[in-house]
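J.: Please find one structure pasted underneath; my questions will follow.
Protein chains in written order, with my numbering: chain F, 52 to 687; chain A, 52 to 687.
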């Protein structure tokens with residue numbers, strides 16, 4: 052028996068074998084009786100029948116008088132009928148209609164006489180304004196079939212029908228066992244190599260959303276006997292057990308061994324990425340999943356394999372995820388061996404839906420938070436080209452995309468602050484920003500894939516910013532350049548500047564580790580230009596080809612001591628308490644296509660740039676110079 | 052000041068004035084700090100920034116060895132490089148990359164030598180297989196803007212970023228005060244006039260779904276001072292108070308007076324139906340709603356007026372409800388004075404979406420449970436014609452409609468049992484049945500609005516069932532008649548037959564109260580025929596024009612003592628423990644249009660009719676004769 056996954060199974064085959072086995076083993080919800088008032092959100096275990104009728108008596112549907120209708124026959128405008136007080140009863144809406152009465156006359160149509168008799172100018176039709184017994188629900192009628200969701204209205208219907216308690220499906224108890232010597236409880240500060248255990252919190256939240264009851268066990272170190280006994284305990288207490296982490300083929304892999312001893316492994320290694328090292332197993336009617344340690348892998352394994360299992364438990368059908376067609380903004384390449392799931396951000400720009408791939412690392416949990424959709428690249432396919440139309444599984448409502456401002460281009464923390472101010476100002480609007488550098492932003496606008504792009508591009512010939520690039524890439528115009536901020540670029544250095552760096556020339560010093568920005572970013576263009584101007588050979592700067600995608604990522608490397616210098620903006624240095632050697636002031640502007648300029652989202656964005664709140668936030672970040680943010684610098 | 056609503060306000064005006072006032076009064080969520088692991092489903096009170104980077108150290112992205120890449124430069128297939136054990140470190144995925152190392156080589160590409168040195172046949176590219184600090188999240192970056200939903204992935208992102216607690220918006224506390232002398236706690240059996248108090252359970256379930264915290268107060272009798280003090284107590288403890296029932300203009304109306312004493316009434320009486328007697332009021336920043344006592348009115352007032360108020364509290368935008376176009380199966384008439392909300396059942400039949408109006412009484416809570424959508428008839432419009440295309444607000448996912456078997460026609464409890472068996476057999480399928488009588492069913496199939504119709508129509512000429520009607524209404528064919536059941540029709544009588552009814556002729560006896568079925572129903576056609584045959588004059592039968600829509604509704608009237616006899620099927624009589632005088636055996640069949648015949652839903656329905664489970668359930672109901680249910684009797 053191989054514990055290492057030498058081969059991997061296609062996901063559809065793995066899923067089918069797992070679900071079929073569990074179905075055969077009788078994996079299924081039991082039932083329990085709960086008070087109806089607490090049953091909302093549960094599922095009926097069997098059909099529910101009405102105990103009493105609603106209404107359970109003849110009830111007045113109006114405020115007025117109840118009477119025997121035949122007593123009013125013959126009444127007209129000219130020959131009114133006079134009713135003796137003993138021949139009618141005053142009723143309010145909902146009151147019982149007394150025995151012998153078969154109609155209600157509205158209070159507006161009744162003329163009371165001083166002696167309490169009443170005058171009627173029109174006859175009552177038998178059963179008028181009387182709610183018949185069972186008008187709503189008849190005793191004995193089926194109110195709800197089996198395996199149905201109990202909604203607030205269903206709660207009302209059951210109570211109205213005298214059903215005070217209801218048999219509902221039990222919730223599956225899902226045990227989560229975190230394993231690994233390196234796993235520690237989440238904390239504000241961590242040692243190198245410590246991996247905070249947050250998977251159980253993510254998984255618990257997902258499980259609760261799916262109607263399961265999560266139970267998290269203490270972290271188990273990488274000792275076979277500890278894992279084994281934790282697994283035994285969980286199997287005795289739960290319907291499903293997730294053994295988390297330790298299911299890759301690494302040095303500390305004891306999961307597969309423990310699972311094999313506890314039950315029967317159906318599949319170890321699935322041809323999906325992320326998620327490959329998953330294990331599917333069972334002991335009789337209890338399911339066991341070996342869940343990869345990386346959160347994104349774990350989330351995918353739960354979504355693709357555990358969720359269908361819960362549907363078997365609940366006798367529900369798998370929801371068919373909503374899908375949409377979108378144009379891919381960047382190429383994605385995939386290995387042929389796996390079915391790959393790529394998280395994407397979606398936006399609607401000028402009538403077309405665009406999908407920007409997010410970070411694909413299995414460790415990148417933030418990508419799942421930012422994702423609006425998932426692109427599946429089937430096994431055997433090499434990937435998709437930029438500009439290609441693809442199909443995406445939606446994670447958000449399609450309609451929300453209409454209200455998302457898509458910003459693609461150079462990174463600045465001010466974009467996050469704008470996103471916050473935008474959503475605060477208009478709760479229906481969201482902003483999604485993707486960091487691909489200034490040139491990437493220009494290209495995105497040119498391809499009609501962004502509502503706005505942050506750019507700061509230096510024209511080396513005359514020292515001007517942005518305009519010459521726009522003229523070059525938009526020869527026919529159709530865009531506006533909106534003033535945003537001046538910002539200070541410089542060298543970010545460890546606090547206290549221990550290496551005594553005082554000029555760009557110092558970067559080529561022996562032993563100094565530089566960290567750079569990616570090609571196409573305005574900051575990379577700036578440092579390339581500065582090197583040329585000062586006659587510095589980039590090949591002599593160690594780490595010049597180590598590329599990060601944001602100012603903060605560069606600052607984070609320096610703050611952590613894995614690099615000694617990097618070019619970036621003052622606010623990023625300040626955020627990390629770094630020393631800063633100012634080099635120049637540059638102009639960071641927004642490029643906006645005419646097609647988007649008059650949209651309410653863009654108009655609100657410009658309002659925000661002009662606002663006092665924006666100015667205050669920029670002061671807090673530091674290193675910015677504001678003149679007339681939000682005004683059009685030039686129309687092209 | 053008028054306590055009675057002499058005029059009513061259009062809903063848009065009432066809503067705007069209410070929301071605007073509350074916004075001005077500062078009605079808004081506070082914030083509270085909760086552990087991130089418990090924050091799922093809440094909303095951020097302010098933007099959340101990362102405390103630490105994730106990963107917070109250089110981490111290996113593979114199982115293998117970490118090294119300084121420059122040591123491997125020059126390695127080729129023919130000139131391998133030999134690494135000394137001190138020059139590399141074995142790392143697993145996620146392990147820290149030691150100081151001085153800048154690359155990881157996968158274990159598959161490493162050849163370990165007996166002396167623990169390793170041989171490399173290719174150079175490592177700097178930073179290969181190394182997860183940079185902040186690859187996922189950089190310290191100081193904004194993770195979530197203000198007023199955003201906290202999802203499971205957001206929980207993960209916050210924990211990964213060292214954020215262990217988060218400021219979330221407080222949930223609004225909504226007090227619910229049930230009032231009314233006639234209101235009692237829900238019970239299995241009730242006295243005439245008792246109205247079980249289930250509104251607070253429905254409202255609580257709705258409020259919880261909307262993220263509010265309901266607090267139900269004890270039932271308050273109709274005493275002004277009791278209502279006043281209950282309202283004072285709730286106002287001191289809650290953000291919103293719902294004073295339920297007692298807000299119609301009837302005899303026991305103390306709500307408006309109590310609310311006027313406690314705060315300021317903005318509106319009393321809104322031009323909507325149901326929901327008219329609603330009161331909108333406030334005391335400073337606390338909202339007070341007088342909610343009509345009828346559950347459907349209450350549900351509508353909460354949906355249309357309280358939900359938007361919660362969105363102000365949460366700084367969220369109102370969801371735009373999904374809508375669809377549908378063809379109306381029956382005309383609906385509305386008063387010009389109100390904006391009326393009509394609950395409809397929806398189904399997709401042969402490519403078109405059809406909407407069948409449900410019971411419109413404000414007391415009919417079951418209609419809300421059955422409703423798939425809501426049709427709004429604007430103020431000033433008289434209604435819509437059958438066959439007209441209308442726009443409907445969806446209460447279920449549009450895609451679920453594709454899987455709904457639409458049965459319109461004669462009522463039999465076997466349809467409910469089929470609905471249960473269908474959904475149990477295939478959890479993605481649902482069945483929706485509407486009772487409009489046999490003729491109504493034939494018309495629905497003819498107009499292409501139903502997948503199937505239950506019919507039992509007697510040809511008086513030859514005593515045959517159904518076929519002659521189909522030939523008449525489908526001269527060109529295109530339908531199949533599927534055998535269902537034989538069922539016993541007869542007179543349902545109070546238990547013990549106190550009036551000694553032994554033949555149909557007894558129905559015209561003085562003092563006897565008959566209850567009939569509606570015109571167009573097969574049972575009505577049967578009794579009409581029997582009367583003619585026996586020379587009985589229907590005008591001489593008291594209650595012959597009192598119409599109910601189902602067998603159970605007729606049985607319910609007799610069981611409750613409001614009628615002494617009614618025609619119906621044996622199973623309905625048995626359900627209510629009634630005496631039964633058999634009159635004839637009739638054939639109840641299903642009429643199915645060819646367009647639906649081969650659909651998976653219809654095929655499954657026929658399977659179910661043939662099944663042992665169906666036969667068993669029919670035995671339990673009683674009075675049925677089964678020969679070959681589910682087989683085609685004739686194709687037309």
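A virtual CB, placed ideally from N, CA and C, is assigned to each residue, including glycine.
All values reported here derive from a predicted model rather than from experimental measurement.
1. Using a C-beta cutoff of 9 Å, does residue 228 of chain F count as contacting chain A?
2. So if DSSP puts residue 460 of chain F in a beta bridge, which residue, or which two residues, is it bridged to?
3. In angstroms with no decimal places, state the Cα-to-Cα distance between residue 425 of chain F and residue 293 of chain F.
4. Please report the straight-line C-alpha distance between residue 458 of chain A and residue 505 of chain A, rounded to a whole angstrom.
5. Excluding the five sequence neighbours on either side, which residues of its own chain have a C-beta within less than 8 Å of the C-beta of residue 303 of chain F, listed in chain order?
6. Between the beta-carbon of residue 463 of chain A and the beta-carbon of residue 196 of chain F, is there less than 9 Å?
7. Applying a beta-carbon distance threshold of less than 8 Å, which residues of chain A neighbour residue 627 of chain F?
8. Tell whether a beta-carbon distance below 9 Å holds between residue 480 of chain F and residue 652 of chain F.
9. Are three or more beta carbon pairs between the region 577-584 of chain F and the region 156-163 of chain A nearer than 8 Å?
10. In terms of residues, what are the limits of the beta strand (DSSP E) holding residue 226 of chain F?
11. Over what stretch of residues does the alpha helix (DSSP H) that includes residue 72 of chain F continue unbroken?
12. How would you call residue 615 of chain A, buried or exposed, if buried means at least 16 neighbouring beta carbons within 10 angstroms?
13. Could you check the C-alpha separation between residue 392 of chain A and residue 381 of chain A for me, to the nearest Å?
14. How far does the beta strand (DSSP E) with residue 437 of chain A in it reach, from first residue to last?
15. DSSP three-state label for residue 379 of chain A, please.
16. Considering only C-alpha positions, which residue in the set F:95, F:444, F:445, F:354 is nearest to residue 219 of chain F?
17. Taking C-beta pairs closer than 8 Å, name the residues in chain F that residue 471 of chain A reaches, listed in chain order.
18. So the beta strand (DSSP E) residue 141 of chain A belongs to, where does it begin and stop?
19. Should residue 682 of chain F go down as buried or exposed, given a rule of 16 or more other Cβ atoms within 10 Å for buried?
20. Tell me, please, whether the CB atom of residue 420 of chain F is closer than 9 Å to any CB atom in chain A?
21. Out of F:427, F:81, F:228, which one is the CA nearest neighbour of residue 364 of chain F?
22. Are the beta-carbon atoms of residue 574 of chain F and residue 631 of chain F separated by less than 9 Å?
23. Looking at chain A, is there any beta carbon in it that lies within less than 9 Å of the beta carbon of residue 463 of chain F?
24. Taking 9 Å as the CB-CB limit, is residue 64 of chain A close to chain F?
25. Going along the chain, which residues of its own chain have a beta-carbon closer than 6 Å to the beta-carbon of residue 52 of chain A, five neighbours each way excluded?
26. In whole angstroms, what is the alpha-carbon distance linking residue 565 of chain F and residue 654 of chain F?
27. Thinking C-alpha only, which one of A:289, A:88, A:213 is nearest residue 710 of chain A?
28. Closer than 8 Å by beta-carbon distance: list the chain A residues that pair up with residue 102 of chain F, in chain order.
29. Quick one: using the 10 Å Cβ neighbour count with 16 as the cut-off for buried, is residue 129 of chain F buried or exposed?
30. Using only the alpha-carbon positions, how far apart do residue 243 of chain A and residue 612 of chain A sit?
31. Could you give the C-beta distance for residue 621 of chain A and residue 537 of chain A, rounded to a whole number, given that I count them as a contact under 8 Å?
32. Might you give, ordered along the chain, the residues of its own chain that have their beta carbon closer than 6 Å to the beta carbon of residue 146 of chain A, omitting 5 neighbours on each side?
33. With a cut-off of 9 Å, does the C-beta of residue 215 of chain F fall near any C-beta of chain A?
34. How would you label residue 176 of chain F, buried or exposed, when you count the other beta carbons within 10 angstroms and need 16 or more for buried?
35. Rank F:639, F:608, F:641 by C-alpha distance to the C-alpha of residue 41 of chain F and give the top, closest one.
36. In its own chain, which residues sit with a C-beta less than 6 Å from the C-beta of residue 93 of chain A, not counting the 5 before and 5 after it?
T.: For this structure:
1. Locating residue 228 of chain F in the first chain gives position 177, where the first residue counts as 1. For residue 228 of chain F, the answer is no, since every Cβ of chain A falls outside 9 Å of its Cβ.
2. Here residue 460 of chain F corresponds to residue number 409 of the first chain, with the count starting at 1. In DSSP, residue 460 of chain F forms a bridge with F:486.
3. The sequence position of residue 425 of chain F within the first chain is 374, counting from 1. The sequence position of residue 293 of chain F within the first chain is 242, counting from 1. Rounded to the nearest angstrom, the two C-alpha atoms are 24 Å apart.
4. In the second chain, the residue the question calls residue 458 of chain A occupies position 407. In the second chain, the residue the question calls residue 505 of chain A occupies position 454. Answer to the nearest angstrom: the Cα atoms are 7 Å apart.
5. Walking along the first chain from the start, residue 303 of chain F turns up at place 252. Confidence at residue 303 of chain F is low in this model, with a pLDDT of 49, below 50, so its placement is unreliable and no value can be given for it.
6. Along the second chain, read from residue 1 onward, the residue named residue 463 of chain A stands at position 412. Along the first chain, read from residue 1 onward, the residue named residue 196 of chain F stands at position 145. Against a cut-off of 9 Å, the Cβ pair of residue 196 of chain F and residue 463 of chain A comes out as no contact.
7. What you label residue 627 of chain F is simply residue 576 of the first chain in a count that begins at 1. The answer, in chain order, is 190, 191.
8. Taking the first chain and counting its residues from 1, one reaches residue 480 of chain F at position 429. Taking the first chain and counting its residues from 1, one reaches residue 652 of chain F at position 601. Their beta carbons are under 9 Å apart, which means residue 480 of chain F touches residue 652 of chain F by this criterion.
9. no
10. Here the question's residue 226 of chain F lines up with position 175 in the first chain. Element bounds for residue 226 of chain F: 224-229.
11. Sequence index remark: in the first chain, residue 72 of chain F carries index 21 (1-based). Its alpha helix (DSSP H) spans residues 62-75.
12. Locating residue 615 of chain A in the second chain gives position 564, where the first residue counts as 1. It counts as buried.
13. In the second chain, the residue the question calls residue 392 of chain A occupies position 341. In the second chain, the residue the question calls residue 381 of chain A occupies position 330. Near 15 Å, if we compare the C-alpha coordinates of residue 381 of chain A and residue 392 of chain A.
14. For this step, residue 437 of chain A is matched to residue 386 along the second chain. No beta strand (DSSP E) holds residue 437 of chain A; DSSP gives it neither H nor E.
15. Stepping through the second chain from its first residue, residue 379 of chain A is reached at position 328. Three-state result, residue 379 of chain A: strand.
16. Within the first chain, the letter at position 168 stands for residue 219 of chain F. The shortest Cα separation from residue 219 of chain F among F:95, F:444, F:445, F:354 belongs to F:95.
17. As a first step, residue 471 of chain A is located in the second chain; it is residue number 420 there, counting from the start. Here the neighbours are 98, 193, 196, 197.
18. Indexing the second chain from 1 puts residue 141 of chain A at position 90. Looking at the DSSP string, the run of the beta strand (DSSP E) that includes residue 141 of chain A is 139-142.
19. One-based indexing of the first chain puts residue 682 of chain F at position 631. Exposed: under 16 other Cβ atoms inside 10 Å.
20. Counting from one through the first chain, the residue named residue 420 of chain F turns up at place 369. Yes, residue 420 of chain F counts as interfacial toward chain A.
21. By one-based count along the first chain, residue 364 of chain F stands at place 313. Of the listed residues, the one whose Cα sits closest to residue 364 of chain F is F:81.
22. As a position in the first chain, residue 574 of chain F is number 523, starting the count at 1. As a position in the first chain, residue 631 of chain F is number 580, starting the count at 1. The answer is no: Cβ separation not under 9 Å.
23. Position 412 of the first chain, counting from 1, holds the residue named residue 463 of chain F. No, residue 463 of chain F does not count as interfacial toward chain A.
24. Residue 64 of chain A sits at position 13 when you count from the first residue of the second chain. So no, residue 64 of chain A is outside the interface.
25. Locating residue 52 of chain A in the second chain gives position 1, counting from the first residue. Its pLDDT being 32, under 50, residue 52 of chain A is placed unreliably in this model, and the coordinates cannot settle the point.
26. Translated into the one-based positions of the first chain, residue 565 of chain F becomes position 514. Translated into the one-based positions of the first chain, residue 654 of chain F becomes position 603. Answer to the nearest angstrom: the Cα atoms are 40 Å apart.
27. Outside the displayed range of chain A (52 to 687) lies residue 710 of chain A, so it cannot be described from this structure.
28. One-based indexing of the first chain puts residue 102 of chain F at position 51. Neighbours of residue 102 of chain F on chain A, chain order: 239.
29. If you number the first chain from 1, residue 129 of chain F lands on position 78. Exposed, because fewer than 16 other Cβ atoms sit within 10 Å of the Cβ of residue 129 of chain F.
30. As a first step, residue 243 of chain A must be located in the second chain, where it is residue number 192. As a first step, residue 612 of chain A must be located in the second chain, where it is residue number 561. Residue 243 of chain A and residue 612 of chain A: Cα-Cα distance of roughly 12 Å.
31. Within the second chain, the letter at position 570 stands for residue 621 of chain A. Within the second chain, the letter at position 486 stands for residue 537 of chain A. With a Cβ gap of about 11 Å, residue 621 of chain A and residue 537 of chain A do not count as contacting.
32. Sequence index remark: in the second chain, residue 146 of chain A carries index 95 (1-based). Hits under 6 Å: 111.
33. As a first step, residue 215 of chain F must be located in the first chain, where it is residue number 164. Yes, residue 215 of chain F counts as interfacial toward chain A.
34. On the first chain, residue 176 of chain F is found 125 positions in, with the first residue counted as 1. Exposed, by the Cβ-count rule.
35. Residue 41 of chain F falls outside the range modelled here, since chain F spans only 52 to 687, and no answer is possible.
36. Residue numbering aside, residue 93 of chain A sits at position 42 when the second chain is read from its first letter. Only 201, 219 meet the Cβ criterion.
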